[in-house]
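Residue numbers (our numbering): 2 to 115.
Right, dumping it as structure tokens:
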């Protein structure tokens with residue numbers, strides 16, 4: 002059984018930064034891709050960024066150049082550094098271990114005020 006625990010969310014002004022962390026239990030972390038997703042009120046959950054076990058990354062266009070996904074396999078942790086935050090980044094952010102079956106964290110709230 003894998004458990005994912007996100008942290009690092011909060012309230013920040015537009016233009017500010019936050020760093021999200023997701024700590025994973027279990028032994029399958031290092032061999033699987035990880036992703037960050039977000040869900041804003043009244044909207045569907047959407048992909049933000051992914052990182053493969055080898056460190057290759059993908060970003061949705063709306064966060065390119067502002068967000069950086071990284072991972073520390075020794076600590077079973079994936080990070081999302083978010084800079085130049087905008088009000089439209091406000092959402093609950095979830096980490097996802099991309100495997101079969103997949104695993105999700107409980108989410109962490111990010112609120113960006115204008």
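For every residue, glycine included, the Cβ atom is placed at its ideal position computed from N, Cα and C. What you are looking at is a predicted structure, and each value in this text was computed from that prediction instead of being measured.
Inset, instruction - Could you have a look at residue 13 and say whether DSSP puts it in helix, strand or coil? - result: Looking up residue 13 in the chain shown gives position 12. Looking at residue 13 - three-state DSSP - the assignment turns out to be strand.
Legend entry - Buried/exposed call for residue 7, threshold 16 Cβ in 10 Å: Start at 1 with the first residue of the chain shown, and residue 7 comes out as number 6. Looking at its Cβ environment, which holds 16 or more other Cβ atoms inside 10 Å, residue 7 is buried.
Inset, instruction - Indicate whether the contact test is met: 3 or more Cβ pairs, each with one atom in the region 5-21 and one in the region 86-98, closer than 8 Å. - result: Note that the region 5-21 touches the region 86-98; at least 3 beta-carbon pairs, one per stretch, sit closer than 8 Å.
Inset, instruction - Quick one: give me the first and last residue of the beta strand (DSSP E) that residue 50 is part of. - result: Taking the first residue of the chain shown as 1, we reach residue 50 at position 49. First-last of the beta strand (DSSP E) with residue 50: 47-52.
Legend entry - Anticipated Cβ contact below 8 Å, residue 2 with residue 27, distance rounded: As a working note, residue 2 is residue 1 in the chain shown. As a working note, residue 27 is residue 26 in the chain shown. In this structure residue 2 is in contact with residue 27, their Cβ atoms being roughly 7 Å apart against a cut-off of 8 Å.
Inset, instruction - Closer than 6 Å by C-beta to residue 108: which residues in its own chain qualify, once you throw out the five before and the five after it? Chain order, please. - result: For this step, residue 108 is matched to residue 107 along the chain shown. Around residue 108: 93 and 95.
Inset, instruction - Rounded to whole angstroms, what's the CA-CA distance from residue 81 to residue 52? Just pull it up for me. - result: As a working note, residue 81 is residue 80 in the chain shown. As a working note, residue 52 is residue 51 in the chain shown. Annotation: residue 81 to residue 52 spans about 10 Å, alpha carbon to alpha carbon.
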